[in-house]
Amino acid sequence: MKTKEYHNILINAFASHKKVYKRVRLSQFIAKKHNIYINLRTLGRDMNRLCLKCEIKRKRKERENKDITAKFENIVNRDYNNNQNRNIYATDVTYIEGTRDSK
Numbered sequence: 534m535k536t537k538e539y540h541n542i543l544i545n546a547f548a549s550h551k552k553v554y555k556r557v558r559l560s561q562f563i564a565k566k567h568n569i570y571i572n573l574r575t576l577g578r579d580m581n582r583l584c585l586k587c588e589i590k591r592k593r594k595e596r597e598n599k600d601i602t603a604k605f606e607n608i609v610n611r612d613y614n615n616n617q618n619r620n621i622y623a624t625d626v627t628y629i630e631g632t633r634d635s636k
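So for the sequence shown, the numbering used here puts the first residue at 534; every next one is plus one.
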């Protein structure tokens, strides 16, 4: 079989499945439809030569449900003077619940 015909079959098969099929499924599809049996390594090399890359969906991190409206009372009850433009350096935060992913 001529390489141009073979490359056209490969490109059309790859495009017809929305660029999702990788080597194994693509070789099975070509074998079933065109009755051409291609080694997986050969198919992978030809896909690299033709710049055929599969589009892979990335996994997204699950968003955590947080209650951001929670108000806590001031247990420390310290009087901070801001005369010298200093912020609070330390306070007690042991009573505030953390999120699941915080350590």
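Glycine is no exception: its CB is placed at the ideal position from the N, C-alpha and C atoms.
Check                                                                                                                                                                                        : Outcome
Which of the three DSSP states is assigned to K566 in this structure?                                                                                                                        : helix
Just to confirm, is the Cβ distance from L583 to H550 under 8 Å?                                                                                                                             : no
Starting from the C-beta of I569, find all residues in its chain whose C-beta is less than 8 Å away, skip the five residues before and the five after it, and write them out in chain order. : M534, Y539, I542 and I563
Is the separation between the beta-carbon of I571 and that of S560 shorter than 8 Å?                                                                                                         : yes
Check each candidate in M580, E606 and K604 and name the one with the smallest Cα separation from R556.                                                                                      : M580
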